[in-house]
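Reading through the structure tokens given below for one structure.
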Amino acid sequence: MIAHALRLIATAAVAPDDEAQAARQQLRLWVARSERHAMAHAEALRRWKMLDQIGTGLRDQFAEPAPRRPIQPGLMFAATLAQPGRRKFLAMAAAGLLGGAAILAWQHSLREFSRRYRTRIAESFAVELPDGSQLYLDADSEILAEMYAGKREVALQRGRVRFEVTPDVQRPFIVPLRIGEVEVVGTIFTVTDRGESVQVGVSQGHVRWRPDGYWPWGDGGTVDLYAGDRLSVRTGQAPAVDRRVVIPGGREDSWRDGWLVFDNMPLLEALPVLNAYLVRPLKSLDPRVGQLRLTARLRADDPKALLAALPLILPIRVEPDAERNALLLRLR
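Under the UniProt record's numbering, the first residue of the sequence shown carries the number 1, and numbering increases by one thereafter.
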């Protein structure tokens, strides 16, 4: 990304006016697209300004005319450069910077580790990544873990995962989600995606959730979450945050001890959690069933007891479907 930003900066500085104007516009749009782009632009601009530190003996070969129009803040490179000699000099210098940036970008993006982890129905296990971070996968979950020279990334494909992240300020830890992503330096948190809402619960430390297509200067934007906070977000909706609700032994952690904890959760949202532990999934064709609220603490490793408990808690019946491949929930 730094190399791309440098290329646009150099084009805006040394290309003919029409091409330079197009590069400036492209750069503005690119910078506004994400926080990462803005950070890459800042680093690229810093490297571009290194040209000002060139020895006076070499620099004096090129006269620097006053810009024909005011230079915009943050776009110093956009000044029109009139003399062909200076354009040629800057183009050559930019090529050197771009070469260095390409090498740095290549080094930054070197993938050191890549592995996909999956759990089956009613299966869970722990994973230790090469950096020492501990991951705990709930039943019917899948992640793709990749370690790079400049970052660590674990994408949640589905399910629920608890993260205990080893701090490393030189390599941020990113968790891409179906909706947005989470960035963290070192903390303990859980992410859940069972097909309805995407949830992030923080047990310790501080994480930051960013929406898809995050724009640093736009509305909405990031959400900072601290110990005890839980974020829930659905496609096309603003995120909802509950503060100080994540507690030790609560639903973020209880599954690791073999318990499924529900606190006034709509049954429609609870079903994917339950189904991660059932060979024959629960289904409901009645919207009224999905609106029922479930408050319970159920053993995850005892599916018979789990199924027997549901009709005792809610006004429903559990019946096999015609093919006996699933279990239907009906109102009593």
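Where is the CB? At the ideal position from N, CA and C, for every residue including glycine.
Since the model is a prediction, treat every value here as computed from it, not as a measurement.
Determine the closest residue to residue i out of the options, with distance taken between C-alpha atoms.
| i | options | result |
| --- | --- | --- |
| E159 | S197, L231 and T187 | Checking the displayed sequence, the identity of residue 159 turns out to be Gly instead of Glu. Of the candidates S197, L231 and T187, the one whose C-alpha sits nearest the C-alpha of G159 is S197. |
| V154 | Y117, D168, A44 and V169 | Y117 |
| Q26 | A270, R7 and L110 | R7 |
| I9 | V273, S34, Y277 and A40 | A40 |
| R244 | V202, R210 and A22 | V202 |
| T295 | P303, L278, D302 and L274 | L274 |
| Q187 | G205, D193 and Q170 | According to the sequence provided, residue 187 is Thr. The question's Gln does not apply to it. Nearest of G205, D193 and Q170 to T187, Cα basis: G205. |
| A149 | T166, Q170 and E19 | Q170 |
| M265 | R256, L278 and R297 | R297 |
| A44 | A5, T11 and P16 | A5 |
| Q291 | T119, D229, P315 and D17 | P315 |
| T119 | L137, R299, L331 and L110 | L137 |
| P272 | P172, G195 and D17 | G195 |
| D193 | A309, V207, P16 and L177 | L177 |
| I121 | V289, F189, L278 and E19 | L278 |
| D302 | I313, A276 and D17 | A276 |
| L268 | D229, W209, L329 and S254 | L329 |
Within 10 Å of its beta-carbon, does residue i have 16 or more other beta-carbons around it, so buried, or fewer, so exposed?
| i | result |
| --- | --- |
| A305 | exposed |
| F125 | exposed |
| R324 | exposed |
| V191 | buried |
| E319 | exposed |
| V182 | buried |
| R293 | exposed |
| A308 | exposed |
| D286 | exposed |
| D253 | buried |
| D242 | exposed |
Tell me which same chain residues have a C-beta within less than 6 Å of the C-beta of residue i, skipping the five on either side of it?
| i | result |
| --- | --- |
| M147 | E112, F113 and P130 |
| L144 | R116 and A155 |
| P239 | V223, L231 and V233 |
| V31 | H37, A38 and H41 |
| E123 | A139 |
| I313 | A296 |
| P70 | Residue confidence for P70 is low, a pLDDT of 41 falling below 50, so the modelled location carries little weight; the figure read from the coordinates is stated next. Nothing listed; no residue qualifies. |
| A20 | A12 |
| A23 | L8, T11 and A12 |
| V184 | V165, F173 and V207 |
What is the DSSP secondary structure of residue i, counted as helix, strand or coil?
| i | result |
| --- | --- |
| G201 | strand |
| R158 | strand |
| I313 | helix |
| A244 | According to the sequence as given, residue 244 is Arg; it is not Ala. In the structure shown, R244 sits in coil (DSSP, three-state: anything other than H, G, I, E or B). |
| M147 | strand |
| R332 | coil |
| L231 | strand |
| T119 | coil |
| I2 | helix |
| L104 | Because L104 sits at a pLDDT of 48, beneath the cut-off of 50, its placement in the model cannot be relied upon, and the following sentence gives the value as read from the coordinates. L104 falls in the helix class under three-state DSSP. |
| L110 | coil |
| T80 | With a pLDDT of only 38 at T80, under the threshold of 50, the placement of this residue in the model should not be trusted; the figure read from the coordinates follows. Three-state result, T80: coil. |
| R59 | Residue placement at R59 cannot be trusted, given a pLDDT of 43 that sits under 50; the coordinates are not used to answer. |
| D321 | coil |
| L298 | strand |
| A126 | strand |
| R210 | strand |
| V175 | strand |
| Q26 | helix |
Can you list, in chain order, the residues of its chain with a C-beta nearer than 7 Å to that of residue i? Leave out the 5 residues immediately preceding and following it.
| i | result |
| --- | --- |
| Q157 | E142, I143 and L144 |
| I179 | V198, D212, V233 and T235 |
| G132 | T166 |
| L310 | I316 and V318 |
| V270 | Reading off the sequence shown, one finds Ala at residue 270, where the question assumed Val. Closer than 7 Å at the Cβ level, and outside the excluded window around A270, lie F262 and L294. |
| R28 | none |
| G57 | Its pLDDT being 43, under 50, G57 is placed unreliably by the model, and nothing is read from it. |
| D257 | none |
Excluding five sequence neighbours on each side, which residues of the same chain lie with their C-beta closer than 8 Å to the C-beta of residue i?
| i | result |
| --- | --- |
| L135 | Y117, A126, V127, E128, L129, I143, A145, V154, V161, R162, F163 and E164 |
| W259 | R297, L298, R299 and A300 |
| R288 | L331 |
| L327 | L278, R280, P281, L282, K283, L307, V318, E319, P320 and D321 |
Less than 7 Å between the CB of residue i and some heavy atom of the ligand FMN, yes or no?
| i | result |
| --- | --- |
| G180 | Annotation note on the ligand FMN: not contained in the displayed structure, which lists no ligands. |
Stretch pair the stretch 282-300 + the stretch 221-241: three plus CB contacts closer than 8 Å: Flag = no, the stretch 282-300 and the stretch 221-241 do not touch.
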